[in-house]
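The sequence shown begins at 148 in the numbering used here and counts up by one. Even glycine gets a Cβ: it sits at the ideal position worked out from N, Cα and C. A quick note: this is a predicted structure, and the numbers were derived from the prediction, not measured. The structure appears right after this line, and notes come after that.
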Amino acid sequence: MFSRDHNCEWRERAKVLERELERLTNDAPFVDPTTGVGNLNHLDLQFVKLLGRWRRYGEPFAVTLIGFTDAVAGRGELPREAFAHLARVLMETVRVEDTLCRMSQNEFAILLANSTIQGAEAFLERARNNIAREPIRTGDRSRFYCSAAGVAEWSDEVGSLSELLRLADVEMRKLRSDIAAESRAYSPAIRDIAAEPRTHGPAV
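The following block contains the structure:
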């Protein structure tokens, strides 16, 4: 037979498990299982809270979209380990009052509380510096990922979270287009140099 102490320990353990189950049940609809950050439901919930502060106190807020591509393989879904690593770096960069969520297979959205567009741009600079500071581990290898981002600040004219995200996405696509155009501008010169025949002796 179990002793009284054993029964008390079992009951306490059952209570702990019950509380943990309740927590998981409540949190599950708002958490991305791959990264542990919020999902789109969580983003929407936090947007409603920031909107309330905007209407009551006139407190500004902004959104940042940041997407990643493999520097070698190009587009395509990032490995789970790499995406989780990037999420961790971003979580260490955001403030307590900010909200980091997974937007899509390679993108994050960050709601920045009490922030103007200038604050969002400053956050992006910090985030990209932190990402560049350490290699992204995938199994037994380290890889590098290119990032592009866009920001947008809330105003009543924007009207909805989806439109706010769309404005940030437009800015992110512009940056990607500019990066691609710059790469194409340099590529022909590199190919021409590689294609030139080797010459012997000093140039005249």
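According to the DSSP assignment, LEU225 belongs to no beta strand (DSSP E), since it is labelled neither H nor E. Membership of ARG273 in the alpha helix (DSSP H) is indicated by the continuous run 264–280.
In chain order, TRP201, ASN261, SER262, THR263, GLU300 and TRP301 place their CB closer than 8 Å to the CB of PRO207, counting only its own chain and leaving out the 5 sequence neighbours on each side. Collapsing the DSSP output to three states places VAL236 in a helix. When DSSP reads this structure, GLY185 sits in a beta bridge with VAL178 and CYS248. Judged by their CB atoms, LEU212 and GLU156 are not nearer to each other than the 8 Å cut-off. A Cβ-Cβ separation of about 10 Å leaves GLY185 out of contact with ALA234 under the 8 Å criterion. A distance below 8 Å separates the beta carbons of ALA256 and LEU312. Annotation for GLU304: no beta strand (DSSP E) segment contains it, and DSSP assigns it neither H nor E. Here the alpha carbon of VAL241 sits roughly 16 Å from the alpha carbon of ALA279. When rounded, the separation of the alpha-carbon atoms in GLU272 and ARG166 is 40 Å. Excluding sequence positions up to five before and after ARG323, its CB lies within less than 6 Å of the CB of ALA295, all in the same chain and listed in chain order. Between the alpha carbons of LEU190 and ASP245 lies a distance of about 11 Å.
Annotation: ASP179 to LEU192 spans about 15 Å, alpha carbon to alpha carbon. Pairing ALA209 with LEU237 gives a Cβ-Cβ distance that is not under 8 Å.
Rounded to the nearest angstrom, the Cβ distance from LEU197 to LEU258 is 6 Å, consistent with a contact under 8 Å.
Under the three-state reduction of DSSP, VAL210 is assigned to strand. Excluding residues up to 5 positions away in sequence, THR181 lie with their Cβ nearer than 8 Å to the Cβ of ARG227 in the same chain. Residue burial is scored here from C-beta neighbours: TYR204 has fewer than 16 other C-beta atoms within 10 angstroms and is therefore classed as exposed.
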